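First the structure, in the form of structure tokens, and then the observations on it.
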Amino acid sequence: MFAERQCVETQIIALEQIMFTEQYADKVIERSLAEQPYWDLSTRHVFVTQTYDIIRWWRKLVFALSGSDEVGPSSIWHIWGTYKLLEGHTLPQWPELDGLNLQSIEENLAKASDAQVNSYPDWFWRRAQQELGEQWPLVAKGLNVPAKTYLRVNTLKAESQKVQHALNEDNIITQTLALDNALEVTQYGPLFKSKAFSQGWFEMQDAGSQQIAPLLDLKPGLRVVDACAGAGGKSLHIAALMQNKGYVLSMDIHQHKLDVLKKRAKRSGVHMLETRVIKNSKTIKRLKDKFDRVLLDVPCSGTGVLRRNPDAKWHIQNNNIDSLIALQSEILQRYSQMCKLSGRVVYATCSILPSENQQQVQAFLANNPQFKLVEELHLLPGINSEFDGFYGAVLERISD
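What follows is the structure in structure tokens.
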């Protein structure tokens with residue numbers, strides 16, 4: 014009982030930091046776990062999954078508790094209790110949970126709107142409904158399913174069976190997917206302390222994200238630029254698909270992200286990758302017509318990865334999406350110039366919104382007849398994907 018109580022108290026503190034001081038959930042959870050080094054794996058797992066679940070269903074829980082969307086930090090214990098009651102559990106006899114009763118919770122929920130029941134902001138529910146139409150209720154449910162953990166086997170160093178066997182020795186069980194070199198973790202253990210990780214045999218990468226780099230149609234010897242590389246998950250995938258032969262330039266506006274990529278590349282055994290900070294528009298202009306393949310994994314709303322980052326639901330704003338759409342359009346227009354004749358550009362997002370996806374590509378093609386659309390990938394949770402939501406468009410440069 015003491016262990017359960019301590020876990021819940023830590024959750025309450027974490028939820029207050031995340032929901033009332035707007036700290037990022039992953040950072041708060043990481044810090045909370047570091048402060049509890051003696052917790053066993055099962056306690057840690059319960060803490061992480063429940064905390065994310067309460068964040069995911071926050072609006073529904075608040076309305077179920079109070080009949081309104083307004084709640085203060087003093088109500089977090091009751092929100093936790095509401096979550097447990099709705100999950101079918103009996104509450105511990107703790108004074109902080111006095112006064113809760115399932116009947117009034119269910120009566121409140123009966124009056125809730127679709128956006129409240131599914132736990133999304135009203136503005137986002139309206140926008141997604143407008144953009145996705147009859148698909149949206151299914152996608153809304155799909156985005157509320159907790160994300161699973163997927164690995165990408167680093168084929169420069171290992172193959173799937175070898176990785177599975179090594180992880181098994183660390184009590185981490187995985188299963189293969191239909192997707193090449195992708196594994197799903199089905200029994201958790203210390204992934205990042207495993208021999209397989211330290212040897213660079215795998216990277217953690219969602220199985221939806223793993224479907225973007227292959228759109229580039231890669232082969233050894235090509236010159237490829239990943240122009241919005243971030244910490245470089247897709248850059249490393251590109252290098253593996255090219256068998257470490259050729260040249261990959263990974264670019265970003267943030268040096269610290271590229272520093273992380275350098276460390277990851279070293280562990281993965283990637284030696285044909287260069288990093289470069291984008292300082293200004295000249296950095297891109299100098300690279301005009303220089304690459305066979307251009308990956309533009311542009312900044313986006315992140316609405317495709319809400320299962321993995323449920324706190325983003327409560328941070329994102331409508332005008333932020335509109336600003337991102339303008340930025341995406343600018344990046345696609347300017348950065349596509351790095352592509353050689355007969356080369357291909359892949360425009361990608363982790364968004365579910367057509368305004369960030371196919372509508373961006375259609376607007377670009379209308380103004381750039383030197384490109385043609387070859388292929389599109391639409392991964393929508395709840396519709397055609399059990400993975401995160403991703404979009405990819407393959408554009409071939411057919412003329413000067």
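Heads up: the sequence shown runs through residues 14 to 413, numbered per the working numbering. Every residue gets a Cβ at the ideal spot worked out from N, C-alpha and C, and that includes glycine. Keep in mind it's a predicted model, so treat the numbers as computed, not measured.
Buried versus exposed call for residue i [16 or more other C-beta atoms within 10 Å across all chains shown]
i, result
"M217", "exposed"
"N333", "exposed"
"P394", "buried"
"V290", "exposed"
"V158", "exposed"
"N331", "exposed"
"Y348", "buried"
"W107", "exposed"
"G315", "buried"
"Y96", "buried"
"E343", "exposed"
"S211", "exposed"
"R18", "exposed"
"F33", "exposed"
"D413", "exposed"
"S87", "exposed"
"Q268", "exposed"
"F205", "exposed"
"A123", "exposed"
"A191", "exposed"
"A47", "exposed"
"Q341", "buried"
"A339", "exposed"
"H284", "exposed"
"R299", "exposed"
"D310", "buried"
"Q143", "exposed"
"K247", "buried"
"K232", "exposed"
"T62", "exposed"
"E369", "buried"
Extent of the continuous alpha helix (DSSP H) to which residue i belongs
i, result
"A195", "Unbroken run through A195 is the beta strand (DSSP E), A195 to Q200; no alpha helix (DSSP H)."
"S87", "Run containing S87: none; DSSP gives neither H nor E here."
"R236", "Unbroken run through R236 is the beta strand (DSSP E), R236 to D239; no alpha helix (DSSP H)."
"L229", "It is not in any alpha helix (DSSP H) - L229 carries neither H nor E in the DSSP assignment."
"H250", "G246 to L254"
Secondary structure of residue i, DSSP reduced to three states
i, result
"S342", "helix"
"V307", "strand"
"R410", "strand"
"G94", "helix"
"S314", "coil"
"K485", "In this structure the chain extends from 14 to 413, so residue 485 is not present and cannot be described."
"Q174", "helix"
"I186", "strand"
"G356", "strand"
"D111", "coil"
"D135", "helix"
"V158", "coil"
"K206", "helix"
"K385", "strand"
"D324", "coil"
"A191", "coil"
"R140", "helix"
"D272", "helix"
"I334", "helix"
"D302", "coil"
"T103", "coil"
"G243", "coil"
"L319", "coil"
"P150", "helix"
Sheet register partners of residue i (DSSP bridge)
i, result
"Y404", "T362 and H391"
"Y163", "E197"
"F215", "V166"
"S398", "P394"
"V261", "V237 and L286"
Span of the beta strand (DSSP E), counted from its first residue to its last, around residue i
i, result
"V283", "Unbroken run through V283: none, as it is neither H nor E."
"Q372", "Counting along the chain, Q372 falls outside any beta strand (DSSP E), though it belongs to the alpha helix (DSSP H) covering Q371 to N380."
"S3", "With the chain running from 14 to 413 in the structure shown, residue 3 is simply not present."
Beta strand (DSSP E) segments (min. 3 residues) lying fully within the stretch 21-57 = none
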